[in-house]
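Novice: Residue numbering for the sequence shown follows full-length UniProt numbering, starting at 1 and increasing by one per position.
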Amino acid sequence: MMVPVRCFTCGSVVGEHWEEFEERAKEGDEDPEAVLDELGVDRYCCRRMLVSHTDLVDVVSPYQ
Numbered sequence: 001m002m003v004p005v006r007c008f009t010c011g012s013v014v015g016e017h018w019e020e021f022e023e024r025a026k027e028g029d030e031d032p033e034a035v036l037d038e039l040g041v042d043r044y045c046c047r048r049m050l051v052s053h054t055d056l057v058d059v060v061s062p063y064q
C-alpha cells in the first residue's frame, strides 16, 4: 500500500490523515466531504489528493 505523504500542489503533509480518511470515507459509511471537514483538511488541492488517491500497488505488482 502506498500512502500519499504530501500534497503534490502545495506540499502540505496529508499522510497523517490518510488512514482515518480511508477507514471512514472509502468504506462508504460517511460522506468524504464531512470526514475531511472533521479532519481539518481545508485546502482544495489537499482534499482532491485524498479523495482521488487510488492504490495501484496490487494492480502493478500482482505477484507478492
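Where a beta carbon is used, it is the ideal one built from N, C-alpha and C, also for glycine. All of these numbers come straight from a predicted model, not from anything done at the bench.
1) Buried or exposed for C10, going by 16 or more other Cβ atoms inside 10 Å?
2) Over what stretch of residues does the alpha helix (DSSP H) that includes Y44 continue unbroken?
3) Count the other C-beta atoms from every protein chain shown that fall within 10 angstroms of the C-beta of R47, then say buried if there are 16 or more, exposed otherwise.
4) Just list the alpha helix (DSSP H) runs in the region 4–46, keeping only unbroken ones of 4 residues or longer that don't cross its boundaries, in chain order.
5) Going by alpha carbons, who is nearest to S12 out of G40, G28, E33, D55?
Specialist: Reading it off the structure:
1) Numbered from its first residue, the sequence shown carries residue 10 at position 10. Exposed.
2) By one-based count along the sequence shown, residue 44 stands at place 44. Per DSSP, Y44 belongs to the alpha helix (DSSP H) from 44–52.
3) The residue labelled residue 47 in the question sits at position 47 within the sequence shown. It counts as buried.
4) 15–21, 32–39
5) Taking the sequence shown and counting its residues from 1, one reaches residue 12 at position 12. When each option's Cα is compared against that of S12, the closest is G40.
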